[in-house]
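Asks:
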Amino acid sequence: MRIAVVGAGPAGVYSAQELVDAGLSVDVFDKVPAPYGLVRYGVAPDHPKTKRIALALGRTLGNPAVRFFGNVAYGLDLDLRDLLACYHAVVFAVGADDDRLLDVAGEHLWGVGSAAQLVSWYNAHPHADDSFAHTVLAAREVAVVGAGNVALDVARMLVGGPHRLAASDVPERVLDLLARSRVTDVRVIARRGPAQAKFTVPELTELGKLDDVDVVVDPADLAGADDEADSRRARANVELLRGWAERPTGRAARRVHLSFRLRPVAVVGETAVAGLRLDRLGVPSTVPAQAVVRAIGYRGAPLPGVPFDEETGTVRNLGGRVVDATGTVLPRLYVAGWIKRGPSGVIGTNKADAAETVRALLADADGFPAPLKVGPATVPALLRGRGVRFVTWPGWLRLDAYEVALGRSGGRPRVSVDDLATMLAVTRAGDL
Amino acid sequence: MTFVVTSRCVGTKETSCMSVCPVDCIHDIGEQVVIDPVECVDCGACVDVCPVDAIVHEGEADDPSVVADAYRRFGLEAP
Chain H
1 MRIAVVGAGP
11 AGVYSAQELV
21 DAGLSVDVFD
31 KVPAPYGLVR
41 YGVAPDHPKT
51 KRIALALGRT
61 LGNPAVRFFG
71 NVAYGLDLDL
81 RDLLACYHAV
91 VFAVGADDDR
101 LLDVAGEHLW
111 GVGSAAQLVS
121 WYNAHPHADD
131 SFAHTVLAAR
141 EVAVVGAGNV
151 ALDVARMLVG
161 GPHRLAASDV
171 PERVLDLLAR
181 SRVTDVRVIA
191 RRGPAQAKFT
201 VPELTELGKL
211 DDVDVVVDPA
221 DLAGADDEAD
231 SRRARANVEL
241 LRGWAERPTG
251 RAARRVHLSF
261 RLRPVAVVGE
271 TAVAGLRLDR
281 LGVPSTVPAQ
291 AVVRAIGYRG
301 APLPGVPFDE
311 ETGTVRNLGG
321 RVVDATGTVL
331 PRLYVAGWIK
341 RGPSGVIGTN
351 KADAAETVRA
361 LLADADGFPA
371 PLKVGPATVP
381 ALLRGRGVRF
391 VTWPGWLRLD
401 AYEVALGRSG
411 GRPRVSVDDL
421 ATMLAVTRAG
431 DL
Chain F
1 MTFVVTSRCV
11 GTKETSCMSV
21 CPVDCIHDIG
31 EQVVIDPVEC
41 VDCGACVDVC
51 PVDAIVHEGE
61 ADDPSVVADA
71 YRRFGLEAP
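In order, the protein sequences belong to chains H and F.
Going by full-length UniProt numbering, the letters in the first sequence line up with residues 1 to 432, in that order.
Going by full-length UniProt numbering, the letters in the second sequence line up with residues 1 to 79, in that order.
(1) Go through its chain and collect everything with a Cβ distance to H/A225's Cβ below 7 Å, but skip five positions before and after it.
(2) Along the alpha helix (DSSP H) that carries H/E403, what are the first and last residues, could you check?
(3) Report all residues from its chain with a CB closer than 8 Å to the CB of H/R255; omit the five preceding and five following residues, and keep chain order.
(4) Is the region 404-418 of chain H close to the region 36-53 of chain F, with three or more CB pairs under 8 Å?
(5) Contact criterion: CB-CB distance below 9 Å. Does F/A45 meet it with respect to chain H?
(6) Thinking just about the alpha-carbon of each residue, which of H/G243, H/A73 and H/L24 is nearest to the one in H/F390?
(7) Take F/E31 and list the residues in its own chain whose beta-carbon comes closer than 6 Å to its own, dropping the five residues that flank it on each side.
(8) With DSSP as the reference, identify every bridge partner of H/G327, one or two as the case may be.
(9) Whole angstroms are fine: how far does the CA of H/G70 sit from the CA of H/L424?
(10) Measure the alpha-carbon distance for H/L222 versus H/P284 and round it to whole angstroms.
(11) Mind listing, in chain order, the continuous alpha helix (DSSP H) runs of no fewer than 4 residues lying wholly within the region 80-161 of chain H?
(12) If we count the other Cβ atoms within 10 Å of its Cβ and call it buried at 16 or more, is H/D176 buried or exposed?
(13) For H/G305, collect the residues of the same chain with a Cβ closer than 6 Å to its Cβ; drop the 5 residues on either side in sequence, then sort them by chain order.
(14) Does any C-beta atom of chain F lie closer than 9 Å to the C-beta of H/V136?
(15) Could you pull the DSSP bridge partners for H/F260 from this structure?
(16) Short of 6 Å in beta carbon distance, which residues of its chain neighbour F/S16, apart from the five on each side in sequence? Order them along the chain.
(17) Hey, is F/C9's beta-carbon within less than 9 Å of any beta-carbon in chain H?
(18) Report yes or no: do three or more beta-carbon pairs, one from the region 349-358 of chain H and one from the region 10-25 of chain H, lie closer than 8 Å?
(19) Any contact between the region 39-49 of chain H and the region 368-383 of chain H? By contact I mean 3 or more CB pairs, one from each, below 8 Å.
(20) Along chain F, in chain order, which residues have C-beta atoms closer than 8 Å to that of H/R52?
(21) With a threshold of 16 other CB atoms inside 10 Å of the CB of H/H127, please say whether the residue is buried or exposed.
(22) Run down chain H in chain order and give the residues with a C-beta less than 9 Å from the C-beta of F/V20.
(23) Does the pairing of the region 268-277 of chain H with the region 94-114 of chain H give three or more beta-carbon distances under 8 Å?
(24) Closer than 9 Å by beta-carbon distance: list the chain F residues that pair up with H/P10, in chain order.
(25) Tell me whether H/H163 sits in a helix, a strand or coil according to DSSP, three-state version.
(26) Alpha carbons only, please: which of H/L118, H/P33 and H/V91 is nearest the one belonging to H/A295?
(27) Taking buried to mean at least 16 other C-beta atoms within 10 Å of its own C-beta, is H/P64 buried or exposed?
(28) Could one say the Cβ of F/H27 lies closer than 9 Å to chain H's Cβ atoms, at least one of them?
(29) Determine the direct distance from the alpha carbon of H/G106 to that of H/L362, and round the result to whole angstroms.
(30) In whole angstroms, what separates the C-alpha of H/V227 from that of H/R261?
(31) When the Cα of H/S25 is compared with those of H/G282, H/A89 and H/L278, which residue comes out closest?
(32) Taking just the CA atoms, how far does F/C46 sit from H/T200?
(33) By a C-beta neighbour count over all protein chains shown, 10 Å radius and 16 as the cutoff for buried, is H/V353 buried or exposed?
(34) So, at 7 Å on beta carbons, what are the nonlocal neighbours of H/A138 in its own chain, with the 5 sequence-adjacent residues on each side left out?
(35) Along chain F, in chain order, which residues have C-beta atoms closer than 9 Å to that of H/K49?
(36) Chain F partners of H/A56, CB-CB under 9 Å?
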């Protein structure tokens, strides 16, 4: 039995491992030439140890029962009909590619963008657009709306200085642009209180360890926070914030301001951003900003041919089985990861999530009809016939070795390649 | 650097840390679980889910012998 998994990030790879453990063959597709999803393209480059999760995921993708097809886009290169004709079942593990909007006046102004645009830029995503990064790094004051680790990642990257990335995998042009950063003040703006912030303790701690950066917290923001902190994490976060609130500031060259209980009301400016208007329980204020970054959460994007819940930004499902709006199960279609449960949890959360989906799939497997087109050569032939330059696992290993060699010449563990043409040339995409 | 499991795990050994570990580096050795310091990627997911606060970062352990033991168990010396 052969299963298609769409998405080679953690949820897709954990699903593939569960399927292989059950004795099935698996083809894993990804729209970019490189595997690992957000481990490669989301985890911040100054967290190289966390990026080593890729080594564990690579053991699954290198398993002889698994094939990798990179640079294959679902909906463009292959559609639902193709997958259902060639496989017994399909698991979508495509993540959450869209971001949530602030939904305020002025959001269309030049200088407003998403954290995702910055994250994919500094992580060398081949589809990234650098223009927003240029705008943000030319600003002196940046407002980042959000209260999670992504907001902290962005703040750290903007003011932390490029020397912190000297041993990372980011491309030279990212380092060059960061070295020319004009940002002096990042204001992280949280809608809820400090006890409700979703920062994890190690990420928040790290913010206080940046060279020549003050973390600025208004003591008034912490009033009542101790009583509201109902988890160990919340208590630890409030304690860290209190430490900063009590510390004298003013000497550092750059600042990260953490402020709470502020609701963005409007982005102000003529054509470009000049500030962000806020509201705190009816009291208006405006902070100066030449760029506004949304970091209020990712959101799943609809998949052609698959029922989508606009409310939650996920594919409608029951325990991983895709269902339509009436709750009727659509046979042979499954989901795992963020497109199934929404953008929550840590990387490892996807293990149990994928296991649940695969249990459902295996329970249904007796009822799967044989696919119309069988045989391992069908899909490669189909893709080649359509001129799709897909990347195989040996192809990825060539790119992997190339990136390590690039790094070695600059004294770094690796340097990510973000140019699609180079990626395809190095992998010799289309060869088998 | 790695996270280490202290003896607070003993008697509870709830194991949700094992299910969230992205690299499967937490092992059940009987009375408690232990973290393989070589495989650990420092993500801290285990710390957040431990119901008895048994897991600490090696730099924040109260008792250095806990860290030394955690390494020794895997045939290593604490850095």
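For glycine and all other residues, C-beta sits at the position ideal for the given N, C-alpha and C.
Here the structure is a predicted model, which means the values were calculated and not measured.
Replies: Answer, in terms of the structure:
(1) Start at 1 with the first residue of the first sequence, and residue 225 of chain H comes out as number 225. Closer than 7 Å at Cβ, skipping near neighbours: G193, P194, A195 and V238.
(2) As a working note, residue 403 of chain H is residue 403 in the first sequence. Note, H/E403: alpha helix (DSSP H), W393 to S409.
(3) For this step, residue 255 of chain H is matched to residue 255 along the first sequence. Around H/R255: V159, T184, D185, V186, V213, D214, V215, V216 and T249.
(4) no
(5) Taking the first residue of the second sequence as position 1, residue 45 of chain F is located at position 45. Yes, because at least one Cβ of chain H sits closer than 9 Å to the Cβ of F/A45.
(6) In the first sequence, residue 390 of chain H corresponds to position 390, counting from 1. Cα-wise, what sits closest to H/F390 is H/A73.
(7) Your numbering for residue 31 of chain F matches position 31 in the second sequence. The answer, listed in chain order, is V10.
(8) By one-based count along the first sequence, residue 327 of chain H stands at place 327. Note: H/G327 sits in no beta bridge, so no partner.
(9) Along the first sequence, one-based indexing puts residue 424 of chain H at 424. Along the first sequence, one-based indexing puts residue 70 of chain H at 70. Spanning the two alpha carbons is a distance of roughly 10 Å.
(10) Translated into the one-based positions of the first sequence, residue 222 of chain H becomes position 222. Translated into the one-based positions of the first sequence, residue 284 of chain H becomes position 284. Their backbone Cα atoms lie some 19 Å apart in a straight line.
(11) 80-86, 115-122, 131-138 and 149-159
(12) Mapped onto the first sequence, residue 176 of chain H falls at position 176. Result: exposed.
(13) Along the first sequence, one-based indexing puts residue 305 of chain H at 305. Taken in chain order, the residues that qualify are L80.
(14) Taking the first residue of the first sequence as position 1, residue 136 of chain H is located at position 136. Output row for H/V136: interface = no.
(15) Numbered from its first residue, the first sequence carries residue 260 of chain H at position 260. Note: H/F260 sits in no beta bridge, so no partner.
(16) Mapped onto the second sequence, residue 16 of chain F falls at position 16. Same-chain partners within the cutoff: V49.
(17) Along the second sequence, one-based indexing puts residue 9 of chain F at 9. No, no contact with chain H.
(18) yes
(19) no
(20) Within the first sequence, residue 52 of chain H is the residue found at index 52, counting from 1. In chain order: V23 and V41.
(21) In the first sequence, residue 127 of chain H corresponds to position 127, counting from 1. H/H127 comes out exposed.
(22) Sequence index remark: in the second sequence, residue 20 of chain F carries index 20 (1-based). Simply G345, V346, I347, G348, T349, K351 and A352.
(23) yes
(24) On the first sequence, residue 10 of chain H is found 10 positions in, with the first residue counted as 1. Under the 9 Å cutoff, chain F gives P22.
(25) As a first step, residue 163 of chain H must be located in the first sequence, where it is residue number 163. The answer is helix: DSSP assigns H/H163 an H, G or I state.
(26) Stepping through the first sequence from its first residue, residue 295 of chain H is reached at position 295. The shortest C-alpha separation from H/A295 is found at H/L118.
(27) Locating residue 64 of chain H in the first sequence gives position 64, counting from the first residue. It counts as exposed.
(28) In the second sequence, residue 27 of chain F corresponds to position 27, counting from 1. No, because no Cβ of chain H sits closer than 9 Å to the Cβ of F/H27.
(29) Sequence index remark: in the first sequence, residue 362 of chain H carries index 362 (1-based). Sequence index remark: in the first sequence, residue 106 of chain H carries index 106 (1-based). So the two alpha carbons sit approximately 49 Å from each other.
(30) In the first sequence, counting from the first residue as 1, residue 227 of chain H sits at position 227. In the first sequence, counting from the first residue as 1, residue 261 of chain H sits at position 261. For the sequence presented, residue 227 of chain H should be read as Asp rather than Val. Their backbone Cα atoms lie some 16 Å apart in a straight line.
(31) For this step, residue 25 of chain H is matched to residue 25 along the first sequence. That would be H/A89, whose Cα lies nearest to the Cα of H/S25.
(32) By 1-based counting over the first sequence, the position of residue 200 of chain H is 200. By 1-based counting over the second sequence, the position of residue 46 of chain F is 46. Roughly 12 Å separates the two Cα atoms.
(33) Walking along the first sequence from the start, residue 353 of chain H turns up at place 353. Per the sequence shown, residue 353 of chain H should be read as Asp rather than Val. Buried: at least 16 other Cβ atoms inside 10 Å.
(34) Here the question's residue 138 of chain H lines up with position 138 in the first sequence. The answer, listed in chain order, is R182.
(35) Position 49 of the first sequence, counted from the start, is the residue given in the question as residue 49 of chain H. Under the 9 Å cutoff, chain F gives M1, C40, V41, D42 and C43.
(36) The residue you call residue 56 of chain H lines up with position 56 of the first sequence. Per Cβ cutoff of 9 Å: P22, V23, D24, C25, E39 and V41.
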